[in-house]
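Numbering (this note's numbering), first residue to last: 163 to 859. Heads up, the beta-carbon is just placed ideally off N, CA and C, and yes, glycines get one too. Shown next, in structure tokens, is the structure this report addresses.
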Amino acid sequence: MKLLKQFSQLTVALLLLLVVFTFPSCDKDDPIPTTLGDLDATPGEMVVNTPTVVTTHIHVPPGVAVANNILKLAKTDASGNTTEVGELLDNGNLANGDEIKGDNIYTAKVTITESTSGEITLKATGEITNSKGDNEAVESKQTKIKVYSDIKGEDMKALLDIQNNMADELTNYLGGSQNNAESAINQLLSWIQSQPEVESATLTNGGDIEIKYKSGLMGGAIISLEDENGYVDTRGGISGYSKLAQTSSDRGSTAKIPVSQQTRGKNYVGNGTFSGKTMEDFDPNTIGNRNVFIYAPYEASWQNNERPHIINILDSLDCGGFQVTAYTNQEADVAKIAEMTSYGMVVLSTHGSGGGKAVLTGEIADTTAAAYQTYKAMLQGDSPKMGISMNITISKQGNAINRKNVYKLYASYISGLAGTFPQSVILANFCGSDQTPPLRDAFIGKGAKTYFGYTESVNGGFCVTVAKDVFTTLAKNNKTTSEVSKIGATDPVTPFATFRIQGSGTMKFATELVNSNFEKGMLGWTKSGDGRAISQLGYLDSPEGSYMGIISTGLGYTVSSGRISQSFIVPANASELTLKWNFFSEEFLEYIGSSYQDWFEVIIVTKEFGEHVLISKSVDGVAAEYGAAYPDIPGNLTSVSPDIVFDQGGVYMTGWETSTFDISNYKGKCVSLVLRCSDVGDSIFDTAVLIDEIAVK
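Now the structure itself:
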């Protein structure tokens with residue numbers, strides 16, 4: 163009996179051990195992240211003894227609660243001293259850089275002044291609350307900011323003096339004839355190399371001079387030839403330089419790219435890097451959106467321009483939904499090109515420099531302008547982000563004209579941009595854009611999937627032909643990047659540049675509804691104005707999954723009304739569209755019945771029938787449905803302030819609603835689904851709409 167009792171006790175003990183080891187999660191906390199993830203900091207460089215406003219962001223993972231809603235920002239200077247320099251908050255206060263309260267994006271805007279050159283590091287620290295209500299210490303990854311000495315006045319003066327004198331020297335060497343361009347440029351190169359302030363100077367593509375000064379500053383010149391109509395038709399060099407005797411019949415024997423490599427497909431495998439979770443599981447062959455970015459700083463002086471042709475192609479499509487943003491001439495400055503990382507298609511119609519090392523902007527280098535102070539740090543270092551090139555045209559009469567020093571951007575500038583490209587296609591329509599690796603590697607390393615470029619100096623007429631082919635293939639015919647017919651083709655005009663593809667040859671635009679629950683961020687969605695994906699708004703989480711969409715009349719820094727859209731073919735077996743939405747407005751309750759009427763609309767757009775409005779909700783319309791009235795009757799609207807605030811007053815919401823629509827008439831047709839939030843009256847009081855769980859079934 164005693165043995166039986168001992169056996170029973172042993173059996174029970176073994177069973178208990180089995181339960182413990184089989185169900186370990188029953189006795190453990192939910193996993194707690196050991197890091198907050200990446201800390202983004204802008205700018206990434208600064209100058210000593212210069213107060214610099216640095217903005218930092220942390221995207222806290224969905225479902226993670228930050229204790230006390232505060233993260234600390236710590237700085238470690240070049241000497242190893244660590245100090246607290248500020249707090250990252252999620253309070254919707256633009257004074258500290260935060261745009262939306264309660265969206266789980268913590269932001270700090272701090273002014274930092276360093277007296278010693280070198281490098282500082284920033285790190286966010288704090289506590290998060292686990293499932294038992296206990297606080298756990300966490301920290302972000304470190305981010306680095308380089309600190310440079312100030313540019314000496316005499317060093318910048320030396321650069322500008324030499325480059326301003328280049329035009330006069332070139333005119334002298336030309337001797338009154340454009341036909342002397344080749345010898346004149348060689349003489350100019352020798353003159354530059356002889357200047358005591360110059361460390362080195364090289365010449366590529368006939369008229370592209372790259373200068374490194376002993377101060378470390380980067381300069382140069384882009385020299386082009388004027389045609390009979392007063393225009394320029396090369397994009398970073400002189401057509402035919404050093405190959406004037408070459409004809410199309412013998413170009414194959416001297417081409418820089420072996421014939422075996424002049425093919426379409428994946429000629430390059432890059433180290434594309436993506437941040438956060440939004441890229442996971444999204445089709446790697448789908449271009450991220452239908453937003454098109456065109457950067458054309460020299461459109462006014464060029465004979466051939468692709469921008470009008472691209473717009474005409476996109477406007478003619480039955481299945482389009484493209485949104486084009488174009489910057490031309492001096493409007494195409496340094497700040498504008500930084501916007502391109504949110505676009506699915508990027509066209510750079512500019513001058514190239516250094517054979518694939520840099521691109522020219524349309525911004526004149528003016529050391530008296532306020533912007534120059536922000537560029538000083540980027541003009542320095544072992545791998546500077548910026549330089550200054552003199553843009554010169556040789557007239558038909560043999561004079562150096564249209565001489566302007568403009569900023570140029572190196573590959574390191576592209577690599578240092580905030581964010582990542584949304585699986586983008588880059589059309590680098592400038593000279594030598596695929597002549598050397600730096601620029602193409604920078605774009606692909608930043609998340610672009612396909613990079614189109616040229617092996618050497620290229621003429622504008624060929625660039626226009628290529629651009630038309632690229633957009634016809636991808637946007638009109640819905641084919642892949644490898645099916646662009648001009649891949650491997652050569653410019654019919656000397657020096658016969660070859661058009662090449664790098665990266666993925668399988669990218670195309672989606673023709674089905676994708677990422678309809680915003681779990682992949684904004685991938686798949688084409689937007690204008692304020693449209694984004696967030697994990698929460700105040701105490702409100704997404705009704706499904708971790709993320710939801712939001713459009714507004716202009717929250718935070720955005721002043722434009724929000725619009726997001728997708729174009730897709732309605733399946734033959736689909737008959738209805740459903741979505742969830744939640745309407746918020748500061749115009750409740752005091753502006754019910756007034757002329758200030760913000761709107762939320764859901765629209766189906768087709769080429770054949772135009773706009774079909776599925777939802778149209780105004781402030782007054784929502785108030786009537788929910789029994790709300792001026793000045794203080796909320797009815798069934800819910801007050802959400804102070805937990806959720808925008809920037810002016812108390813906010814009320816409808817709560818989540820589900821709407822269903824019959825779309826059987828659109829079976830097999832291409833439609834654009836548009837969701838927009840717009841202002842009527844003024845943009846002072848904001849309205850926002852949360853969106854989730856969009857489905858076609």
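(request) Taking only the alpha-carbon atoms, compute the straight-line gap between Asn591 and Ile475 and give it to the nearest angstrom. (result) 18 Å
(request) On a CA-only basis, which of Tyr537, Phe750, Asn292 is nearest Val228? Give me that one, please. (result) Asn292
(message) When you compare the CB positions of Phe583 and Val509, do they come within less than 8 Å of one another, or not?
(response) no
(message) Please return the same chain residues whose Cβ sits closer than 7 Å to the Cβ of Asp841, not counting the five positions on each side in sequence.
(response) Thr715, Ser723, Asp760
(message) Could you check whether Asn567 and Leu861 sit closer than 8 Å to each other, using their CB atoms as the reference points?
(response) Missing from the structure shown is residue 861; the chain here goes from 163 to 859 and no further.
(message) According to DSSP, is Ala637 part of a helix, a strand, or is it coil?
(response) helix
(message) In whole angstroms, give me the CA-to-CA distance for Thr305 and Ala580.
(response) 13 Å
(message) Does Glu333 come out as helix, strand or coil in the three-state DSSP assignment?
(response) Per the sequence shown, the amino acid found at residue 333 is Thr instead of Glu. Thr333: helix per DSSP, three-state reduction.
(message) Taking DSSP's pairing of strands, which residues face Ala383 in a bridge?
(response) Ile371, Met552
(request) Determine the DSSP secondary structure at Phe605, reduced to helix, strand or coil. (result) helix
(request) Starting from Leu351, follow the alpha helix (DSSP H) in both directions and report where the run begins and ends. (result) 343-355
(request) Flag this pair as yes or no: are the beta carbons of Ser241 and Thr396 separated by less than 8 Å? (result) no
(request) Please name the residue or residues paired with Ser801 in a DSSP beta bridge. (result) Tyr814
(request) Give the single residue among Phe750, Cys625, Gln597 whose Cα lies nearest to the Cα of Thr617. (result) Gln597
(request) Go ahead and pull the three-state DSSP assignment for Glu674. (result) coil
(request) Tell me whether Phe762 sits in a helix, a strand or coil according to DSSP, three-state version. (result) strand
(request) Measure the Cβ-Cβ separation of Thr217 and Met208 and say whether it is below 8 Å. (result) no
(message) I need the straight-line Cα distance from Tyr393 to Ile526, nearest angstrom please.
(response) 20 Å
(request) Keeping to the same chain, check which residues put their C-beta closer than 6 Å to that of Thr652; ignore five residues upstream and five downstream. (result) Phe658, Thr660
(request) Could you spell out where the beta strand (DSSP E) holding Asp854 opens and where it closes? (result) 849-858
(message) Threshold first: 4 residues or longer. Then list the alpha helix (DSSP H) segments lying entirely within the segment 461-545, N to C.
(response) 469-477, 496-499, 532-537
(message) Helix, strand or coil for Leu322? Go by DSSP, reduced to three states.
(response) helix
(request) Mind checking who Val360 pairs with in its DSSP beta bridge? (result) Tyr375
(message) Can you list, in chain order, the residues of its chain with a C-beta nearer than 6 Å to that of Cys593? Leave out the 5 residues immediately preceding and following it.
(response) Asn367, Arg397, Gly398, Gly399, Gly514, Ser619, Val620
(message) Here's the rule: buried if 16 or more other CB atoms are within 10 angstroms of the residue's CB, otherwise exposed. What is Ser377?
(response) buried
(message) Going by beta-carbon coordinates alone, are Gly700 and Gly264 separated by less than 8 Å?
(response) yes
(request) Reducing DSSP to helix, strand and coil, say where Val833 ends up. (result) strand
(message) Bridge partners for Glu207 per DSSP, in chain order?
(response) Lys308
(message) What does DSSP give as the partner residue(s) for Pro730 in the beta ladder?
(response) Here residue 730 turns out to be Phe, not Pro, going by the sequence shown. Val833, per the DSSP bridge assignment.
(message) With the cut-off set at 8 Å, would you say Ala562 and Ala604 are in Cβ contact?
(response) no
(request) Using the Cα positions of Lys638 and Gly686, report the straight-line distance between them to the nearest angstrom. (result) 18 Å
(request) Going by DSSP, name the residue or residues bridged to Lys285. (result) Ala236
(request) Consult DSSP for Arg739 and reduce its assignment to one of helix, strand or coil. (result) In the sequence as presented, Arg is not what sits at residue 739; that position holds Leu. Three-state result, Leu739: strand.
(request) List the DSSP bridge partners of Lys271. (result) Thr217
(message) So Gly812 and Ser801 are supposed to be a Cβ contact under 8 Å. How far apart are they, rounded?
(response) 6 Å
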